[in-house]
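Below is one structure, written out as structure tokens; comments come after it.
Residue numbers (my numbering), protein chains in the order written: chain A, 271 to 609; chain B, 271 to 609.
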């Protein structure tokens, strides 16, 4: 490394949160960065993805990935630039993405990083449409939802990282896209900027009535990011043989009481419908294929990636809460350093 | 008709029940039976199937079949004998099954009846293993559950009409069959008489703990007839890529408050599992094929049909409640008349 080893600031999980995670669950640590051993790569973190799933990783107990251990650096996907490399594949100046963690520098094995091309798309797009949220939308909608041209696709969290892509892929698939989002600004964004056919403002409208109005033939595919009351409203408006993708339940992640189960789940029986959980990691073998198709759609102007970029590594705890307060429009990205 | 036209007693729905349907929701009427017009058949009802689904048919509102109208004869599947026929296919003395209704005589178009062979199986079996409950178990388990040899299949309501068949077909499919039922007598019945690998007494055991014990590799297929707390317990013990068949929710049918949604539904996400509703009517085109296979299993001694036959047309209202009080062992059948 050309310079004196820099100091690495880190957000570590100090305690398991109850409800919304405030500052008390975090411990900020500093350590000097080590040089990469053979096979390792040292990455300067430029952007971190702030995701609703992070809240789940903070809980103890079985989930689709192990919980973040108490005392460990908080898990986060990020984009960075290589500053020192112990592997011939990557050289200083190369851009990479991976699970970098909420820290300023990440020292990782080569295999934990994917090289990305900063000339093809701005770096934050690799955390949005060309990253996990885009891949989640792609595989969840197309592989599980199997939308057919002419069908109606409804997505909740429609102005968020995943939902905004789901609606656009629904349109590309020849479907009617109806988004549920909070507030007039988000609703205008998804219809006017992203081309959704209709938007429902759950903060200002009766969702069940609005679904009836905007989905006169019922919901064929419902992509759920939020759970709770909105999932229950969608269940009342299913078309026969509807498919529900359970991608997340952001309304329930900070509950201090039990999760609210979908009381209308017997609509699955009435409508011979199906509700399936998905985790994007399962599709890793097909990420390349999907990313190429998505990049093609972006190049053709059919798919827009929208990032909501906020700055300041030290503001991480408060920025994370923006997700649960519905403050972000598009993919929430924390800018950590200049590239 | 050879004799003076008989009187037909009928149970008609007088009011929509709130909670358990007591005598006040029924009206008993009497009318004399009309002669069949060309194409019609007059059937003397011998056995009526008492089914949990009947509770749902008594409610107003959209479901997979229209509700029974106020003032109409209560809908019920039955077996009977032809007493007069206006159609060349059927002659007096022939046995038939169909939606005969809770009455002593049914006058129906030929197309509403299926001929059955009383020499092949006792008549009540055509309301059990060789009737809708058996077909429901067959298509729900095999078509939706897709059990693979070596997998673990769990069924609730395991001593009931559908559940008792589900577990036996699971065994025939090379699976481990675990049944959940209420009380030691039912548990002994499904393990000792029907060959289930294990039984869980939900009245005497912690279902979640018992599932953990009896399904050490998790639940691959869960066939749900009951909903409520038991569905929630099953959700906590799913294996990866588990399939849940939503066939019914008997624990919730008489609720006077909202249905209890499955609070643990996010287990679908963690385990990439799927929950699908089924209605046996959708498989009508394949009933013949299924009934032939089931009859073959019965002849080979691999599948037992168990009926719980109670007598007395006039006792219908009280007999129906046996289902919701968990009093029946096997298929509950009301004997209306001698054959």
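Cβ coordinates follow ideal geometry from the N, Cα and C atoms, glycine included. Just so it is clear, the structure is predicted and the values come from calculations on it, not from any experiment.
Cα separation between residue 454 of chain B and residue 471 of chain B?
In the second chain, counting from the first residue as 1, residue 454 of chain B sits at position 184. In the second chain, counting from the first residue as 1, residue 471 of chain B sits at position 201. C-alpha separation (whole angstroms): 7 Å.
What does the alpha-carbon distance come out to for the pair residue 349 of chain A and residue 583 of chain A?
Stepping through the first chain from its first residue, residue 349 of chain A is reached at position 79. Stepping through the first chain from its first residue, residue 583 of chain A is reached at position 313. So the alpha carbons of these two residues sit roughly 14 Å apart.
In or out: residue 484 of chain A buried (at least 16 other Cβ within 10 Å) or exposed?
Taking the first chain and counting its residues from 1, one reaches residue 484 of chain A at position 214. Under this definition residue 484 of chain A is a buried residue.
State buried or exposed for residue 364 of chain B, treating a residue as buried only when at least 16 other CB atoms are found within 10 Å of its CB.
Residue numbering aside, residue 364 of chain B sits at position 94 when the second chain is read from its first letter. Residue 364 of chain B should be labelled buried.
So, for residue 594 of chain A: in the same chain, excluding its five sequence neighbours on each side, which residues have a beta-carbon less than 8 Å away from its beta-carbon?
Counted from its first residue, the first chain places residue 594 of chain A at position 324. The residues are 290, 322, 325, 520, 523 and 524.
Beta carbons nearer than 8 Å to chain A: which residues of the region 539-559 of chain B have them?
539, 540, 541, 542, 543, 544, 545, 546, 547, 548, 549 and 552
List, in chain order, every chain B residue whose beta-carbon is nearer than 8 Å to that of residue 529 of chain A.
Residue 529 of chain A sits at position 259 when you count from the first residue of the first chain. Simply 533, 534, 535 and 536.
Specify the secondary structure class of residue 494 of chain B as computed by DSSP and reduced to three states.
Within the second chain, residue 494 of chain B is the residue found at index 224, counting from 1. Three-state DSSP puts residue 494 of chain B in a strand.
Does the CB of residue 333 of chain B have a neighbour CB from chain A at under 7 Å?
If you number the second chain from 1, residue 333 of chain B lands on position 63. Residue contact check for residue 333 of chain B against chain A: a CB pair falls below 7 Å.
Using beta carbons (cut-off 7 Å, strictly below), is residue 271 of chain B in contact with chain A?
Residue 271 of chain B sits at position 1 when you count from the first residue of the second chain. Caution is warranted here: a pLDDT of 48 is assigned to residue 271 of chain B, below 50, making its placement in the model unreliable, and the coordinate value is therefore given only provisionally. Taking Cβ atoms only, chain A never reaches closer than 7 Å to residue 271 of chain B, which makes this a no.
So for residue 513 of chain B, helix, strand or coil by DSSP?
The sequence position of residue 513 of chain B within the second chain is 243, counting from 1. Here residue 513 of chain B carries a strand assignment [DSSP, helix/strand/coil].
On the criterion of 16 or more Cβ atoms from any shown chain inside 10 Å, does residue 528 of chain B qualify as buried, or is it exposed?
Indexing the second chain from 1 puts residue 528 of chain B at position 258. It is exposed - the Cβ of residue 528 of chain B has fewer than 16 other Cβ atoms within 10 Å.
Residues of the region 504-520 of chain A with a CB closer than 8 Å to any CB of chain B: list them in chain order, please.
So the close ones are 516, 517, 518 and 519.
Along the chain, where does the beta strand (DSSP E) containing residue 363 of chain A start, and where does it finish?
Position 93 of the first chain, counted from the start, is the residue given in the question as residue 363 of chain A. Per DSSP, residue 363 of chain A belongs to no beta strand (DSSP E) and is neither H nor E.
Could you tell me the distance, in whole angstroms, from the CA atom of residue 564 of chain A to the CA atom of residue 399 of chain A?
By 1-based counting over the first chain, the position of residue 564 of chain A is 294. By 1-based counting over the first chain, the position of residue 399 of chain A is 129. Straight-line Cα distance between these residues: approximately 7 Å.
Leaving out five residues before and five after residue 512 of chain A in sequence, what residues of the same chain have Cβ atoms less than 8 Å from its Cβ?
Position 242 of the first chain holds residue 512 of chain A. Once the five neighbours on either side are set aside, the close Cβ partners of residue 512 of chain A are 488, 489, 490, 491, 492, 541, 543 and 544.
Grouping DSSP H, G and I as helix and E and B as strand, with all else coil, what is residue 489 of chain B?
Locating residue 489 of chain B in the second chain gives position 219, where the first residue counts as 1. If DSSP states are grouped into helix, strand and coil, residue 489 of chain B belongs with the strands.
Work out the CA separation of residue 327 of chain A and residue 285 of chain A for me, nearest whole Å.
Taking the first residue of the first chain as 1, we reach residue 285 of chain A at position 15. Taking the first residue of the first chain as 1, we reach residue 327 of chain A at position 57. The alpha-carbon atoms of residue 285 of chain A and residue 327 of chain A are separated by roughly 12 Å.
What span of residues does the alpha helix (DSSP H) with residue 563 of chain A cover, start to end?
Walking along the first chain from the start, residue 563 of chain A turns up at place 293. Note, residue 563 of chain A: alpha helix (DSSP H), 557-569.
Can you give me the start and stop residues for the beta strand (DSSP E) that residue 545 of chain B sits inside?
Mapped onto the second chain, residue 545 of chain B falls at position 275. Run containing residue 545 of chain B: 544-547, per the beta strand (DSSP E) assignment.
Where does residue 462 of chain B fall in DSSP's three states?
As a working mapping, residue 462 of chain B is identified with position 192 in the second chain. DSSP places residue 462 of chain B in helix when its eight states are reduced to three.
Taking C-beta to C-beta, are residue 393 of chain B and residue 557 of chain B nearer than 7 Å?
Counted from its first residue, the second chain places residue 393 of chain B at position 123. Counted from its first residue, the second chain places residue 557 of chain B at position 287. No, they are not a contact pair.
Excluding five sequence neighbours on each side, which residues of the same chain lie with their C-beta closer than 7 Å to the C-beta of residue 309 of chain B?
Counting from 1 along the second chain, the entry for residue 309 of chain B is found at position 39. These residues qualify, in order along the chain: 356, 357, 379 and 380.
If we count the other Cβ atoms within 10 Å of its Cβ and call it buried at 16 or more, is residue 342 of chain B buried or exposed?
Counting from one through the second chain, the residue named residue 342 of chain B turns up at place 72. So residue 342 of chain B ends up on the exposed side.
Please name the residue, chosen from B/388, B/575 and B/554, that lies closest to residue 433 of chain B on a Cα-to-Cα basis.
Here residue 433 of chain B is taken as the residue at index 163 of the second chain, counted from 1. Checked all of B/388, B/575 and B/554; the closest Cα to residue 433 of chain B is B/575.
Look at the Cβ atom of residue 531 of chain B, then the Cβ atom of residue 361 of chain A, and state whether they are nearer than 7 Å.
In the second chain, counting from the first residue as 1, residue 531 of chain B sits at position 261. In the first chain, counting from the first residue as 1, residue 361 of chain A sits at position 91. Not a contact, by the Cβ cut-off of 7 Å.
May I have the straight-line CA-CA distance separating residue 288 of chain B from residue 474 of chain B, to the nearest angstrom?
The residue you call residue 288 of chain B lines up with position 18 of the second chain. The residue you call residue 474 of chain B lines up with position 204 of the second chain. Computed Cα separation, rounded: 29 Å.
By the three-class DSSP mapping on this structure, what secondary structure does residue 272 of chain A have?
For this step, residue 272 of chain A is matched to residue 2 along the first chain. Its pLDDT being 49, under 50, residue 272 of chain A is placed unreliably in this model, and the value from its coordinates should be taken loosely. Here residue 272 of chain A sits in coil by DSSP.
With a threshold of 7 Å between beta-carbons, can residue 289 of chain B be considered close to chain A, or not?
Here the question's residue 289 of chain B lines up with position 19 in the second chain. It does not; no Cβ of chain A falls within 7 Å.
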